[in-house]
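Here's the structure, in structure tokens; my notes come after.
There are 2 protein chains.
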Amino acid sequence: MSTPIDAVGEFGLIDQLVEAWAEGASTRADQYERLCQLLGSKVIGPFPPRLAVGDDGAILDIPPQRPLLTTTDMLVEGVHFLWSSERISSLGRKALAVNISDIAAMGGVPSWAFLSIAVPRKASVEDVRALYYAMGEIAGCYGITLAGGDTVQSDKWVINVTLLGLAIKEPVRRSGGEEGDLIAVTGSLGDSAAGLHLLLSSSQLKGAGESYLLQRHLEPTPRVMEASILVQQDAVKAMLDISDGLSSEIHHLCRQSQCGALIDLSALPISEEAQSLAHSIDQSALDWALSGGEDFELLFTIAREKAESLQELIHNETGTAISFIGELRNSSEGIRIYNSSNKEKKSYPLEARGYNHFSGLSRTE
Amino acid sequence: MSTPIDAVGEFGLIDQLVEAWAEGASTRADQYERLCQLLGSKVIGPFPPRLAVGDDGAILDIPPQRPLLTTTDMLVEGVHFLWSSERISSLGRKALAVNISDIAAMGGVPSWAFLSIAVPRKASVEDVRALYYAMGEIAGCYGITLAGGDTVQSDKWVINVTLLGLAIKEPVRRSGGEEGDLIAVTGSLGDSAAGLHLLLSSSQLKGAGESYLLQRHLEPTPRVMEASILVQQDAVKAMLDISDGLSSEIHHLCRQSQCGALIDLSALPISEEAQSLAHSIDQSALDWALSGGEDFELLFTIAREKAESLQELIHNETGTAISFIGELRNSSEGIRIYNSSNKEKKSYPLEARGYNHFSGLSRTE
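Going down the list, the protein sequences come from chains Y and W.
To convert, count from 1 in the first sequence and add 160; that's the working numbering.
To convert, count from 1 in the second sequence and add 160; that's the working numbering.
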């Protein structure tokens, strides 16, 4: 079906979009329940707005002693994504997920979304509904309410998500790291870059491994549970999510924590799927892990003595692996990489985004 | 000067934009001080973010017992505005002002802005700086902080403003009006439509009157002070701002308050400047007032017994006139207009946005 937007008008469209979001959200009630069990509803809510759409603005009651965390992202057709009706769902889920990842990386849980979209005249009501439904699906996992937004017409799709969340305890900044802290990451790195490669090469998917990589690129899972546990345990000192690529995020971390770092390349968590794809097309999975970006895993630092118990706790509670990839050093040492599995223990400077500059090192050498 | 954005990079640009906003804001310290004197800094702040740009998100501490009010607007080049370097300042000021107007209409004061912009590759650093400077000017009047945002490239300019504010007391909805309430508006209506006419006809401005109208269209003044006084006096029962035109806003008000209304056309506040322009080009100033839109005046209802003292108080404190244009009636009466200066007291239904449908009535007949 393809209903022109003019046929329903702006207010008719808004009603449909609110409905589509709610429908999407209702499909994920079980995941939200699991999060409530893990974190408690005092932490994760839901915190429904006193008033959402239909007035000049929304009204939110912020629980006392909970700092408000905010993040916003604009996605433009042709720059950040290519529009296709088949990919609307992935686009919607990712657009919300990357903002959730930012809130998680601040040590918070997401609660209220504001969604502005510019919709091309040629788009159908069904297209826009599919976008909101998909966002609703992700929202439903976390009890996020659609609290407001704006809907305008344009030549191209533009999606702007503003997400508000609540800190669980003290918000976690990038600046809290200290010399001697272990540097850790959740999950695996480079999967998203591998998935992007598959997407761009548009070759036929050859099995579960490639589907996994594509999924990791198209629909990253924000690490809300993992971040919440880290914060509840008072364990994490500095944290950010990996959106631009590990190498540049480490630079952000070190600059704001006023530290140097030493990273062990052999400790970077790289999935078998990414290794296997890289091998088959003569690319470097390590390169993807260092500078691919869009993994939306957490990069954080913790005190050495808490490392092991926390790794175990997070794995038990969420199934997510924590890898220790290096440590914060004195800023005078700079930001360096080495490979502990090499005989030669020489280290090299890590340039932001630029693993290519260090081709003398390889992970499996 | 024209510096390409590529020459400063994304992070360099962000630094410049934060600086330009602050520069703009510093020019309006006197207006902010006046607002503080009138409302008190407990009400109007400033409430600087604990953390603004530079991390995964911003951190805001929301004062207890102050509901959070939010509004968001997306403006797209070619749809909402035509880009020109000369008009950047007006565009920036208006983009923020219309969101401030929404917060005011909810009975609140604006505090934190999140600004996402898509910038064409051909734009210069100076263009984008001018936009932020202009927004900073308006922000400075109210103590609004730039708390976050996103900067992306695109073919066309897209500006998305999300504004958060704090309710002064209980937020004021559109739904609180009751039968018997007087319906009031601030300032004058139709000036913006008159100014738009001047802008589109691109004739030479002929004097102060036309400059005034153009100004009213390009740089509307959000009625924060007026709304704050109304709320502090516990006087206002329902309120909204006039963005789409009086006739359609009255329909919103009545639908949500479940009332009818009777509006006296002879009571609509129309400036001499708009009357004079309308007369000279054979247009109807009343038409502009009823359906022109973008006046960003407040439309509100109050109990009859409070009307006179409040009108005086607001005029004394702010210089702004309050006009009583009708009253809320039982919903069975519908939404009707009449002209109290006509001999014949017959009333007609008011259609949303559609003064043209009632050409049998004229204000000065």
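C-beta: ideal position from N, C-alpha, C; glycine also.
Interface flag, residue i vs chain W, CB-CB below 7 Å
| i | result |
| --- | --- |
| I222 of chain Y | yes |
| G303 of chain Y | no |
| T230 of chain Y | yes |
| S276 of chain Y | yes |
| K208 of chain Y | The question names Lys, yet the displayed sequence has Pro at residue 208 of chain Y. It does not: the Cβ of P208 of chain Y has no partner Cβ on chain W nearer than 7 Å. |
| T381 of chain Y | no |
| V318 of chain Y | yes |
| P331 of chain Y | yes |
| P227 of chain Y | yes |
| E170 of chain Y | no |
| T187 of chain Y | no |
| H517 of chain Y | Unreliable placement is indicated for H517 of chain Y, whose pLDDT of 28 sits below 50; no coordinate value is reported for it. |
Test: residue i CB closer than 7 Å to a CB of chain Y
| i | result |
| --- | --- |
| V396 of chain W | no |
| T346 of chain W | no |
| I402 of chain W | no |
| G520 of chain W | The predicted model places G520 of chain W with a pLDDT of 33, which falls under 50 and marks its position as unreliable; any figure quoted below should be read in that light. Not closer than 7 Å to any Cβ of chain Y, the Cβ of G520 of chain W fails to qualify, so no. |
| P164 of chain W | no |
| E525 of chain W | Caution is warranted here: a pLDDT of 25 is assigned to E525 of chain W, below 50, making its placement in the model unreliable, and no coordinate value can be reported. |
| I219 of chain W | yes |
Bridge partners - residue i, DSSP secondary structure assignment
| i | result |
| --- | --- |
| Q313 of chain W | W:V279 |
| Y243 of chain Y | The amino acid occupying residue 243 of chain Y in the given sequence is Trp; Tyr does not appear at that position. W243 of chain Y pairs with nothing; no bridge assigned. |
| Y498 of chain Y | Y:D424 |
| M234 of chain Y | Y:N320 |
| L220 of chain Y | W:L228 |
| V396 of chain W | W:I462 |
| W272 of chain W | W:T305 and W:L324 |
| G486 of chain Y | Y:I343 and Y:I423 |
| Y508 of chain Y | Y:I497 |
| L211 of chain W | W:I219 |
| S284 of chain Y | Y:P164 |
| D447 of chain W | Answer is none; D447 of chain W lacks a bridge partner. |
Sequence-distant residues of its chain with Cβ nearer than 7 Å to residue i (five each side left out)
| i | result |
| --- | --- |
| S186 of chain Y | G300 |
| P382 of chain W | A257, I260, S261, A264 and F456 |
| L198 of chain Y | M385 and E477 |
| D221 of chain W | R210 |
| D315 of chain Y | P280 |
| S276 of chain W | G309, D310 and N320 |
| F274 of chain Y | A307, G308, G309 and T322 |
Listed by chain order, chain W residues near residue i by CB distance under 9 Å
| i | result |
| --- | --- |
| R334 of chain Y | G214, D215 and D216 |
| M295 of chain Y | Here the premise fails: no neighbours, minimum Cβ distance about 15 Å. |
Partners in chain Y for residue i, counting only beta-carbon separations shorter than 9 Å
| i | result |
| --- | --- |
| V312 of chain W | D233, M234, L235, V236, V239 and H240 |
| V203 of chain W | By Cβ distance, chain Y contributes nothing, its closest Cβ being about 17 Å from V203 of chain W, past 9 Å. |
6 Å Cβ shell around residue i - same chain, five flanking residues per side excluded
| i | result |
| --- | --- |
| L459 of chain Y | V345, L400, I402 and E409 |
| E433 of chain Y | G369, Y372 and L373 |
| L251 of chain W | F241 |
| A278 of chain W | V312, S314 and V318 |
Other residues of its chain near residue i: CB distance less than 8 Å, five sequence neighbours each side excluded
| i | result |
| --- | --- |
| L358 of chain W | L365, E370, L373, L374, H377 and L437 |
| K329 of chain Y | G267, V391, Q392 and D394 |
| I201 of chain Y | Contrary to the premise, residue 201 of chain Y reads as Ser rather than Ile in this sequence. So no residue of the chain qualifies. |
| H475 of chain W | A481 and I482 |
| L195 of chain W | I204, C301, Y302, G303, V384 and M385 |
Interface partners of residue i on chain Y, CB under 8 Å
| i | result |
| --- | --- |
| A307 of chain W | T230 |
| R429 of chain W | A small correction: the amino acid at residue 429 of chain W is Pro; Arg does not occupy that position in the sequence shown. In chain order: nothing, as chain Y lies at least about 21 Å away. |
Residue i: contacting residues in chain W (beta-carbon distance under 8 Å)
| i | result |
| --- | --- |
| L488 of chain Y | Ordered by position in chain W, no residue passes the 8 Å Cβ test against L488 of chain Y, which lies about 17 Å from the chain. |
Per-residue contacts from residue i into chain W (C-beta, under 7 Å)
| i | result |
| --- | --- |
| L211 of chain Y | R333 |
Proximity test, Cβ basis, 7 Å: residue i and chain B
| i | result |
| --- | --- |
| I248 of chain Y | Note that chain B does not occur in the displayed structure, where the protein chains are Y and W. |
| said: Any C-beta of chain W within less than 7 Å: which residues of the stretch 458-481 of chain Y qualify? | reply: none
| Residues of the stretch 244-272 of chain W with Cβ closer than 7 Å to any Cβ of chain Y, in chain order | D262, I263, A265 and M266
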